[in-house]
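Those letters in the sequence shown? Residues 4 to 251, per this note's numbering, in order.
Heads up, the thing below is written out as structure tokens.
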Amino acid sequence: MTSVMAIDHLEMLRSRLDLIDSELISLLGQRFDTIRDVAEYKRDTGIAVMQPTRIGEVFTTRRQRAVQAGLDPKLVERLWTTIISHACQVENDVAKTPGGELAFQGIGFDHGLIEVDDLDTACGMICSRLSFKKVDVAGGSPSEGRTAVLRGGNVTVVAKERNEPAGEAGSPAYLAIEVHSLDATTYELKRRGNKVSDIQETDAGIRIATVHLGSPVHLVVRYVERLFRTSLGASDIGAPATVCRDRA
């Protein structure tokens with residue numbers, strides 16, 4: 004095969020890929036048109052936007068179909084993570100859910116553990132200021148302390164009550180939450196009374212905004228938006244941090 008023939012064959016293959024990509028984009032358009040129909044129906048009938056059971060079923064069936072088709076299920080899971088995250092944003096826009104800019108921005112099933120002075124007060128602050136919801140509280144032994152599980156969208160935080168309060172001098176925990184739109188997120192954070200740092204942009208194409216919650220929470224949250232998809236490391240956002248990302 005001559006070099007000219009090789010290039011011609013390569014161009015033919017690329018044309019096939021371009022055609023497939025065009026079909027995929029068309030199908031995505033149809034999917035999101037249907038998502039908007041679903042969102043409008045939920046709004047008109049009072050059905051809750053978030054349906055965790057349905058989301059779990061979607062991931063399970065898509066992974067099964069990926070295996071049946073000979074595809075890497077992790078690849079399919081990552082694709083549907085992005086699709087579902089954007090679908091949640093569309094549904095929130097239609098439903099006009101209060102605080103939805105935060106509830107649907109966070110991407111992640113990973114969780115962070117933080118230590119707080121007063122569990123009940125700290126949970127109240129995290130819920131009101133960061134749009135989390137308390138989903139579980141567990142009593143511990145005197146040596147272990149009480150814990151609570153809080154969820155904001157698909158990001159989970161476990162708060163553990165210290166045996167002895169650290170007070171104003173307590174060292175903060177660091178949590179990084181990846182979001183789709185930093186501008187929408189910071190707008191809602193400010194509306195909830197948070198002082199948000201100026202948005203910083205790194206050479207790696209990452210935008211960051213920071214919120215500090217003082218006593219009794221002692222938490223620094225860095226909200227991170229990636230301008231293009233790269234691996235995200237703690238060094239990119241100013242370690243130490245727990246990074247919640249890539250699953251929604």
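Ideal Cβ positions, reconstructed from N, Cα and C, are used throughout, including at glycine.
Keep in mind the model is a prediction, meaning the values are calculated, not measured.
Within the DSSP bridge table, the entry for E204 names R210 as partners. Just measuring C-alpha positions, the residue of M128, D120, A162, G148 sitting nearest D139 is A162. The beta carbons of L122 and A169 sit no closer together than 9 Å.
Within a 10 Å sphere around the beta-carbon of V220 sit 16 or more other beta-carbons, which makes this residue buried.
In the displayed model, G173 falls within coil according to three-state DSSP, outside both helix and strand. In the DSSP assignment, L230 falls outside any alpha helix (DSSP H) and carries neither an H nor an E. Here the alpha carbon of T85 sits roughly 16 Å from the alpha carbon of V227.
The stretch 7 to 23 makes no contact with the stretch 68 to 80; the number of CB pairs closer than 8 Å stays below 3.
In this structure, the CA atom of I180 is about 49 Å from the CA atom of M8. Scanning T56, I38, L133, Q67 for the CA closest to the CA of A90 turns up I38. Using a Cβ distance threshold of 9 Å, S184 and Q92 count as a contacting pair.
At a Cβ-Cβ threshold of 9 Å, I117 and L222 count as neighbours. Pairing I87 with V61 gives a Cβ-Cβ distance under 9 Å. If the five residues before and after E43 are omitted, its C-beta is found closer than 8 Å to the C-beta atoms of V97, all from its own chain and listed in chain order. Relative to the Cα of M128, the nearest Cα in the group A141, L153, R149 belongs to L153.
Just measuring C-alpha positions, the residue of V214, R81, I202 sitting nearest D186 is I202.
Around the CB of S134, 16 or more other CB atoms lie within 10 Å, so the residue is classed as buried. Collapsing the DSSP output to three states places E14 in a helix. Within the model, the alpha-carbon separation for G148 versus C126 is close to 15 Å.
The beta carbon of A176 sits closer than 6 Å to the beta carbons of I117, L222 from its chain, once the five residues preceding and following it are set aside; these are given in chain order. T213 is classed as buried because its beta carbon has at least 16 other beta carbons within 10 Å across all chains shown.
Here the alpha carbon of I209 sits roughly 15 Å from the alpha carbon of T189. Taking C-beta separations shorter than 8 Å and ignoring five residues to either side along the sequence, the partners of G217 in its chain run E171, following chain order.
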